[in-house]
Amino acid sequence: MRIACNPRAGAGSSPPRAATPSAPALPCSLPERPLSWQGVGEEGGGSLPKAARLAALREALARLGALAPGEGLRHIPLGLPQVEAYLPGPGLACGVLHEVAAGHGDRPAAFGFLLALTATALRARPGPAVLVATTRALADFGEPYGHGLAQLGLDLGRLLLVAARNDRDALWAMEEALRSGAAAAVAGAMTGSPDLTAGRRLNLAAAPHATPLLLLRPAGTAGVSAAASRWRIAAAPAARDRFGAFAHPRWCVVLERCRNGRSGEWLIEWNHVAHRFRLVESVADRAPARRPGLRRAG
Amino acid sequence: MLVAPGQGGARIVSLNRAAQQAGLAAGDLLSNARSKVLDLEVGDADPAADAAALSRLALWCLRYTPTVAPWDEAGGADGLFLDITGCAHLLGGEEALLTDLERRLRAFGLDPRLAVADTAGAAWAVAHCGAPTDRIVPPGGEREALRRLPLAALRLSTDSQALLRRLGLRRIGELADRPRAPFAARFSPEVLLRLDQALGRAPEPLVPVAPPPLYRAQAAFLEPILSAEHVLEAATRLLGRLARDLAEADAGARVLRLLLFRVDGGVQSLDIGLAAPSRDPAHIAQLLGLRLYRLGSGLEADFGFEAAAVHVLAAEPLAGRQDRLGLDGEGTPPEALACLIDRLQQRLGAGAVRRLQPRASHIPERAVRAAPPSPHAFLSRRSRRGGVAEREHAAWVDGAAASRPLLMLPRPEPAEVVALIPDGPPRQFRWRGVLHQVAQAEGPERIAPEWWRAMEEATRDYYVVEDDAGRRFWLYRAGLYGRDAAPPRWFVHGVLA
Numbered sequence: 002m003r004i005a006c007n008p009r010a011g012a013g014s015s016p017p018r019a020a021t022p023s024a025p026a027l028p029c030s031l032p033e034r035p036l037s038w039q040g041v042g043e044e045g046g047g048s049l050p051k052a053a054r055l056a057a058l059r060e061a062l063a064r065l066g067a068l069a070p071g072e073g074l075r076h077i078p079l080g081l082p083q084v085e086a087y088l089p090g091p092g093l094a095c096g097v098l099h100e101v102a103a104g105h106g107d108r109p110a111a112f113g114f115l116l117a118l119t120a121t122a123l124r125a126r127p128g129p130a131v132l133v134a135t136t137r138a139l140a141d142f143g144e145p146y147g148h149g150l151a152q153l154g155l156d157l158g159r160l161l162l163v164a165a166r167n168d169r170d171a172l173w174a175m176e177e178a179l180r181s182g183a184a185a186a187v188a189g190a191m192t193g194s195p196d197l198t199a200g201r202r203l204n205l206a207a208a209p210h211a212t213p214l215l216l217l218r219p220a221g222t223a224g225v226s227a228a229a230s231r232w233r234i235a236a237a238p239a240a241r242d243r244f245g246a247f248a249h250p251r252w253c254v255v256l257e258r259c260r261n262g263r264s265g266e267w268l269i270e271w272n273h274v275a276h277r278f279r280l281v282e283s284v285a286d287r288a289p290a291r292r293p294g295l296r297r298a299g
Numbered sequence: 025m026l027v028a029p030g031q032g033g034a035r036i037v038s039l040n041r042a043a044q045q046a047g048l049a050a051g052d053l054l055s056n057a058r059s060k061v062l063d064l065e066v067g068d069a070d071p072a073a074d075a076a077a078l079s080r081l082a083l084w085c086l087r088y089t090p091t092v093a094p095w096d097e098a099g100g101a102d103g104l105f106l107d108i109t110g111c112a113h114l115l116g117g118e119e120a121l122l123t124d125l126e127r128r129l130r131a132f133g134l135d136p137r138l139a140v141a142d143t144a145g146a147a148w149a150v151a152h153c154g155a156p157t158d159r160i161v162p163p164g165g166e167r168e169a170l171r172r173l174p175l176a177a178l179r180l181s182t183d184s185q186a187l188l189r190r191l192g193l194r195r196i197g198e199l200a201d202r203p204r205a206p207f208a209a210r211f212s213p214e215v216l217l218r219l220d221q222a223l224g225r226a227p228e229p230l231v232p233v234a235p236p237p238l239y240r241a242q243a244a245f246l247e248p249i250l251s252a253e254h255v256l257e258a259a260t261r262l263l264g265r266l267a268r269d270l271a272e273a274d275a276g277a278r279v280l281r282l283l284l285f286r287v288d289g290g291v292q293s294l295d296i297g298l299a300a301p302s303r304d305p306a307h308i309a310q311l312l313g314l315r316l317y318r319l320g321s322g323l324e325a326d327f328g329f330e331a332a333a334v335h336v337l338a339a340e341p342l343a344g345r346q347d348r349l350g351l352d353g354e355g356t357p358p359e360a361l362a363c364l365i366d367r368l369q370q371r372l373g374a375g376a377v378r379r380l381q382p383r384a385s386h387i388p389e390r391a392v393r394a395a396p397p398s399p400h401a402f403l404s405r406r407s408r409r410g411g412v413a414e415r416e417h418a419a420w421v422d423g424a425a426a427s428r429p430l431l432m433l434p435r436p437e438p439a440e441v442v443a444l445i446p447d448g449p450p451r452q453f454r455w456r457g458v459l460h461q462v463a464q465a466e467g468p469e470r471i472a473p474e475w476w477r478a479m480e481e482a483t484r485d486y487y488v489v490e491d492d493a494g495r496r497f498w499l500y501r502a503g504l505y506g507r508d509a510a511p512p513r514w515f516v517h518g519v520l521a
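Top line first, the protein sequences correspond to chains W and S.
Residue numbers for the first sequence follow my numbering, beginning at 2 and rising by one.
Residue numbers for the second sequence follow my numbering, beginning at 25 and rising by one.
Shown next, in the form of structure tokens:
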């Protein structure tokens, strides 16, 4: 509990800020004696009842606590106003679980999307990114390759790879990383989907430090989930530059469910140099996208 | 008695008291022995098993002192030296220690002969040839104690012993009283060296069975403990004691060893490594708990553990840190990260946590190395100074100009590819039973093996292909048409986002 003498933190002197979902829970062991707290009630106590003074103290601490988690990043910015209009905030909220699902063949594309979000989060917060992967989750397609990750825009000097034998160990590792508060972002890849209890535990662990939390899971396995948003990724033909070579990866991104938001479908491109997403087209506004015809190789 | 093959047939290696009283001696031929005594129980000598049992006993004796040295061949290979300097008072004195040790060894079924002296040589002599009543040699009293012992108690070679006997010398006292120069001239230097070692004039280094720890804390229990929780509780108390010692020395532990001594004489040891020096008992106890959890049923308590010890094997300087008000948890970010890495490694295994480092190789599978994590390497980019971190970052950035896969298969998998001969890009390919039509291919990127491996490996032409569903693969053709004898084969090496 951080205690500071702030003369402006008097009761009623400024309107209380809206409670953010990541305000820390206050300890219940406040002292019983009246505090000689500058600014909270009069000096020497007595004019304000104890309950009111406690309430003012709590509010002051909540305000101070709102500034606590470091850099103040509350959302992972996507940089796409059309997409963020469907989300409750200006980006993906930090401190809650976001699930990314993909079919088996689209798993690498979903992994790329996950890493793009992680790279965005890394730029705004200090510390390493922790990537927890169950062995079989990605093993069908291989191991994360350093140069490929670097080409996607991830700073590999700040990446910590954790290999877990099964989903239970992976969930435990993610929870440990979130609780320690040392991670800038935590991303996980699992073979199954976390159930409601596990999802709630992850949310609870991510809340105090407002750590961005992303999870990759196979599609079609989840029922009820504690995630704040559920995405589904499919691979899409990559953007071409003017010579016809591959320039930037593109993904078909579907926001299936979002708490306090709407669902939508877009085609998004990731610029790994500028670390920015770019909206190619909004699929929901048109007829289902037609794939470009078969082009001759070469 | 135990026999082993020797010159002329099987020879006796060791025998019990009854056989000795019947007139047999070690080294006799078995056939001669059988003719002297009618019924003999004979077994094969197994020196390897004997050595293993001796080392187990040496480990068990670590409960008394950290320096335990088994005897080498010259000493007979059937005993131990225990350096009890500074340890005797913990058990109530040397006599009490000897009594306790003898009681436990007899409970194991052994027949021990013990002695305590200032020097290793004197202790060996008194244990072998001394009377059981005065087995503790008072400090400085080696000369008196050794005076009446036979020369065999000095661990001399048989030639020297025979020569000395021929000269009429039988007791150590006679040898010690005489002037040294004639012996130095006529005998090998070993004679005088052994005498000096026994009397304390020359040093005798002991080779301990385990490297002695820098700090240690030890406790014995009234009742043997069986469960992991009790073990953890005991270890936490020992760690509290160690934390005080470490704090006085401004050091933090990097490698710790927990030794659990079983009632039946076995010893179980667990090693814990830390990413950053620490002397926080709570943190280390948590790691021990995770390690015990990972052991699962591997913690064989059998009849229980009767003593436990924590040894610090490696320590590093750790300056004191003033606790800051208002921070909960582990404090500054590098410490929190080090604690996180420790916990992850203890529960998931030492190789489970790693970071990637570039390696100077143009072959893709050798261009990346998994390295153990170090907490100080994970500072934010803005605060990193030049040197290793900058060079590493530069190596990643210009590591590969061409596309590299996001996920790379550990072993490239063969694929059936339809492509234009001799060096056209793939048109369609079948991988893992699924047929993919190629919409666009990019390449080729030619990667040739290093010249010293050019015989075994083939030149590769890499292509990034995209199928009509938008998925991208990294294929290569191994070998070249017309140049290599065998037709080239195609492989899938990785996938891209």
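Even for Gly, the Cβ is constructed at its ideal location relative to N, Cα and C.
Taking C-beta separations shorter than 7 Å and ignoring five residues to either side along the sequence, the partners of residue 150/S in its chain run 139, 141, 159, 161, 169, following chain order.
Look at residue 273/W here: in three-state DSSP terms it is coil, with no helix or strand label. Straight-line spacing of the CA atoms in residue 115/W and residue 184/W works out to 16 Å. Comparing C-alpha distances from residue 104/S to each of 137/S, 269/S, 311/S shows the shortest one belongs to 137/S. Annotation: the region 143 to 184 of chain S contains the following complete segments of the alpha helix (DSSP H) (minimum length 4 residues), in chain order: 144 to 153, 166 to 170.
Under DSSP, the beta-bridge partners assigned to residue 256/W are 232/W, 265/W. In terms of beta-carbon proximity, residue 252/W lines the interface with chain S, with at least one pair separated by less than 9 Å.
Between residue 264/S and residue 242/S, the alpha-carbon positions lie close to 11 Å from each other. Think of a sphere of 9 Å around the beta carbon of residue 363/S: the chain W residues whose beta carbon falls inside it are 181, 183, in chain order. Counting of Cβ neighbours within 10 angstroms places residue 59/S among the exposed residues, the total staying below 16. Residues of the region 221 to 242 of chain W with a Cβ closer than 9 Å to any Cβ of chain S, in chain order: 235, 236, 237, 238, 239, 241. Interface with chain S (9 Å Cβ-Cβ cutoff): residue 213/W is excluded. According to the DSSP assignment, residue 462/S belongs to the beta strand (DSSP E) that extends over 458 to 471. Residue 228/S carries a coil assignment under DSSP once its states are collapsed to helix, strand and coil. Neighbours of residue 29/S across chain W, judged by C-beta separation under 7 Å, do not exist; the nearest C-beta is about 50 Å away. When DSSP assignments are scanned along the region 186 to 243 of chain W, the uninterrupted stretches of beta strand (DSSP E) that are 3 or more residues long and fall wholly within it turn out to be 186 to 190, 214 to 219, 230 to 241. Taking a beta-carbon distance threshold of 9 Å, residue 208/W does not count as an interface residue toward chain S. In this structure, residue 250/W and residue 105/W do not form a Cβ contact; the two beta carbons are roughly 19 Å apart against a cut-off of 8 Å. Contact between the region 265 to 283 of chain S and the region 332 to 342 of chain S is present: three or more C-beta pairs spanning the two stretches fall below 8 Å.
When secondary structure is reduced to three states using DSSP, residue 430/S falls in the coil class, being assigned neither helix nor strand. Pairing residue 210/S with residue 216/S, the inter-Cα distance amounts to about 11 Å.
One finds nothing in chain S with a Cβ atom closer than 7 Å to the Cβ of residue 278/W; even the nearest lies about 13 Å away. Spanning the alpha carbons of residue 160/W and residue 395/S requires a straight line of approximately 12 Å. Following the DSSP letters along the chain, one finds residue 329/S inside the beta strand (DSSP E) bounded by residues 329 to 341. Residue 518/S has a beta carbon lying within less than 9 Å of a beta carbon in chain W.
As computed with DSSP, residue 247/W is found in a beta bridge with 241/W. The beta carbon of residue 370/S is closer than 6 Å to those of 311, 314, 315 in its chain, skipping five residues each way along the sequence. Residue 195/W has its alpha-carbon roughly 30 Å from the corresponding atom of residue 308/S.
Residues of the region 80 to 96 of chain S with a C-beta less than 7 Å from any C-beta of chain W: none at all. At least one beta carbon of chain S lies nearer than 9 Å to the beta carbon of residue 144/W.
Residue 286/S and residue 325/S have their C-alpha atoms roughly 7 Å apart. Taking 9 Å as the cut-off, the beta carbon of residue 147/W is found closer than this to the beta carbon of residue 382/S. Taking a 10 Å sphere around the C-beta of residue 221/W, we find fewer than 16 other C-beta atoms and assign the residue as exposed. Uninterrupted beta strand (DSSP E) stretches at least 3 residues long and entirely within the region 249 to 282 of chain S do not occur.
Between residue 277/S and residue 301/S, the CB-CB gap stays under 9 Å. Using beta-carbon distances, residue 152/W counts as an interface residue toward chain S, with a partner under 9 Å.
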